[in-house]
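Participant:
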Amino acid sequence: MATEGLVRPRLKPAPRAPLAPQQAIDAFARRHRYRWWEALPWAAAIAAYVLFPSYLPLGAQILATILFALSADLVLGYAGIVTLGHAAFFGTGAYTAGILAVHGWGEPITGLLAGTAAAALIGFVSGWIVLRTTGLTLLMQTLVVATLLYEAANKASWLTGGDDGLQGMEVWPIFGQFRFDMFGRTGYLYCLAVLFLCWLFARHIVYSPFGRSLTGIRENVRRMHAIGAPVRRRRLIIYTIAAGLAGTAGALIAQTTGFVGLSFLNLERSGGVLIMLIIGGVGRLYGAFIGVPLYMIAQNRFSEIEPVYWYFWIGLLMVLVVVFARGGILGLSERLRQ
144 MATEGLVRPR LKPAPRAPLA PQQAIDAFAR RHRYRWWEAL PWAAAIAAYV
194 LFPSYLPLGA QILATILFAL SADLVLGYAG IVTLGHAAFF GTGAYTAGIL
244 AVHGWGEPIT GLLAGTAAAA LIGFVSGWIV LRTTGLTLLM QTLVVATLLY
294 EAANKASWLT GGDDGLQGME VWPIFGQFRF DMFGRTGYLY CLAVLFLCWL
344 FARHIVYSPF GRSLTGIREN VRRMHAIGAP VRRRRLIIYT IAAGLAGTAG
394 ALIAQTTGFV GLSFLNLERS GGVLIMLIIG GVGRLYGAFI GVPLYMIAQN
444 RFSEIEPVYW YFWIGLLMVL VVVFARGGIL GLSERLRQ
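Numbering follows our numbering, with no gaps: position 157 of the sequence shown is 300.
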């Protein structure tokens, strides 16, 4: 029996025509457009200022730590650079602002900029060295950089205060008008304003062609090399930018709490910010806004309930996220939406 005509030949889909230049520009602009839900974290921060006035000092630390986690996300989530030494830049910014304040220059804006610049400089110099390697070697070199700075701060007690830390910091009023108070009102709004500006900057980077190239480097570095992308230079640029933002976060903590200690440089702080990112979601720009408050509020509550073993509950939270919410809470929400 003839079977001709009974089986329909499988047609190959027609190749998709490439976007015209103007269409490509419009598509990129749509991706870059602000979405309504991006206002939710800022609305929540303003609501917290009104509803929880007795927790504003903790709120200011949460906002500064969000900036710290956001800077780590640029390196880890977008460039694919795994680091255990991100606290080196956080501590550099904090010590720079703190040393200036202790020695008579407590102007907050210039202290903030000085902390940012010092951390970015350390990030550039160390990145020029450590980014020549990959994998476990890179991971260990970032840890070595943080350890060296920790020991340097410990030995230079005449400058940093050593184990006792920097105390007696006097931070001047912002713009000569807004004085830092013990209730944390000025500090909270100060941290919120700086975080918002830095978030705008980070968002611009992520959705720019430079940010897209970082994602390409993270996904397939060999392919980016093959198309002629300057991989090492772009990784060094984002590493330096992230270091500067981490220094900004450290300077904020120093100015709002009036204290800087060796804990600002230790491994626990570097590991803690990675845990916060994993809880919220790595490589999603907004994971820090979920992971940091959840982690720090849980830490505050668990330490009150169980002062000795509160890390057990943090570890249990981490296990639950890894098992049931791969990609963090944001990753889980994306899967539920789909």
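Where a beta carbon is used, it is the ideal one built from N, C-alpha and C, also for glycine.
Check this for me: beta carbons of Leu388 and Leu206, under 8 Å apart or not?
Facilitator: As a working note, residue 388 is residue 245 in the sequence shown. As a working note, residue 206 is residue 63 in the sequence shown. Contact: no.
Participant: Can the beta-carbon of Gly393 be found less than 8 Å from the beta-carbon of Gly202?
Facilitator: Reading the sequence shown from its first residue, position 250 is the one you call residue 393. Reading the sequence shown from its first residue, position 59 is the one you call residue 202. Contact flag unset, no.
Participant: To test your reading of the DSSP string, which unbroken beta strand (DSSP E) runs of 3 or more residues are found completely within the stretch 393-423?
Facilitator: Segments of the beta strand (DSSP E) lying fully in the stretch 393-423: there are none.
Participant: Going by C-alpha to C-alpha distance, which of Arg346, Gly304 and Glu449 sits closest to Ala431?
Facilitator: Taking the first residue of the sequence shown as 1, we reach residue 431 at position 288. Nearest of Arg346, Gly304 and Glu449 to Ala431, Cα basis: Arg346.
Participant: For Ile242, which of helix, strand or coil comes out of DSSP?
Facilitator: Counting from 1 along the sequence shown, the entry for residue 242 is found at position 99. In this structure, Ile242 counts as helix in the three-state DSSP scheme.
Participant: Quick check: what's the CA-CA separation for Leu199 versus Thr276?
Facilitator: The count along the sequence shown starts at 1 and reaches residue 199 at position 56. The count along the sequence shown starts at 1 and reaches residue 276 at position 133. When rounded, the distance between both Cα atoms is 42 Å.
Participant: Count the other CB atoms within 10 Å of the CB of Ser269; is the residue buried (16 or more) or exposed (fewer)?
Facilitator: Locating residue 269 in the sequence shown gives position 126, where the first residue counts as 1. Its Cβ being crowded by 16 or more others within 10 Å, Ser269 is buried.
Participant: Using DSSP's beta-bridge definition, name the partner residues of Leu309.
Facilitator: Here residue 309 corresponds to residue number 166 of the sequence shown, with the count starting at 1. DSSP output for Leu309 lists Val403 as bridge partner(s).
Participant: Look up Ile497 in the DSSP assignment and give the residues it is bridged to.
Facilitator: Any answer about residue 497 is impossible in this case: the structure gives the chain only from 144 up to 481.
Participant: For Ile472, does the three-state DSSP call read helix, strand or coil?
Facilitator: As a first step, residue 472 is located in the sequence shown; it is residue number 329 there, counting from the start. In the structure shown, Ile472 sits in a helix (DSSP, three-state: H, G or I).
Participant: Of all the options Ile360, Leu332, Gly423 and Leu410, which has the alpha carbon lying nearest to the alpha carbon of Ala468?
Facilitator: Here residue 468 is taken as the residue at index 325 of the sequence shown, counted from 1. Of the candidates Ile360, Leu332, Gly423 and Leu410, the one whose C-alpha sits nearest the C-alpha of Ala468 is Gly423.
Participant: If you compare alpha carbons, which of Ala263, Ser476, Tyr438 and Ser300 is closest to Ile381?
Facilitator: Looking up residue 381 in the sequence shown gives position 238. Here the closest residue by C-alpha is Ala263.
Participant: Got a sec, what are the start and stop residues for the alpha helix (DSSP H) Gly359 sits in?
Facilitator: Locating residue 359 in the sequence shown gives position 216, where the first residue counts as 1. Taken as a continuous stretch (DSSP letters only), the alpha helix (DSSP H) holding Gly359 covers Pro352 to Glu362.
Participant: What are the residues that DSSP puts in a beta bridge with Phe321?
Facilitator: Working through the sequence shown from its first residue, we reach residue 321 at position 178. DSSP, once it has assigned bridges, lists Ile317 as partnering Phe321.
Participant: Given Gln481, which residues of its chain have a CB within under 8 Å of its CB, disregarding the five upstream and five downstream residues?
Facilitator: Taking the sequence shown and counting its residues from 1, one reaches residue 481 at position 338. Hits under 8 Å: none found.
Participant: Alpha carbons only, please: which of Ala397, Glu449 and Ile457 is nearest the one belonging to Met419?
Facilitator: One-based indexing of the sequence shown puts residue 419 at position 276. The residue with the shortest Cα to Cα distance from Met419 is Ile457.
Participant: Give the secondary structure of Gly482 by DSSP, where H, G and I count as helix, E and B as strand, and everything else as coil.
Facilitator: Only positions 144 to 481 of the chain appear in the structure, and residue 482 is not among them; the question remains open.
Participant: Please tell me whether Ala230 and Leu408 are closer than 8 Å, where the distance is taken between their beta carbons.
Facilitator: Counted from its first residue, the sequence shown places residue 230 at position 87. Counted from its first residue, the sequence shown places residue 408 at position 265. Contact flag set, yes.
Participant: Assuming Tyr221 and Leu379 form a contact by the criterion Cβ under 8 Å, report the distance between their Cβ atoms to the nearest whole angstrom.
Facilitator: Locating residue 221 in the sequence shown gives position 78, where the first residue counts as 1. Locating residue 379 in the sequence shown gives position 236, where the first residue counts as 1. With a Cβ gap of about 14 Å, Tyr221 and Leu379 do not count as contacting.
Participant: Should Ala333 and Tyr192 be called a contact, given that it needs their Cβ atoms to be closer than 8 Å?
Facilitator: By one-based count along the sequence shown, residue 333 stands at place 190. By one-based count along the sequence shown, residue 192 stands at place 49. A quick correction: the sequence has Tyr, not Ala, at residue 333. No, the pair does not count as a contact, with Cβ atoms beyond the cut-off.
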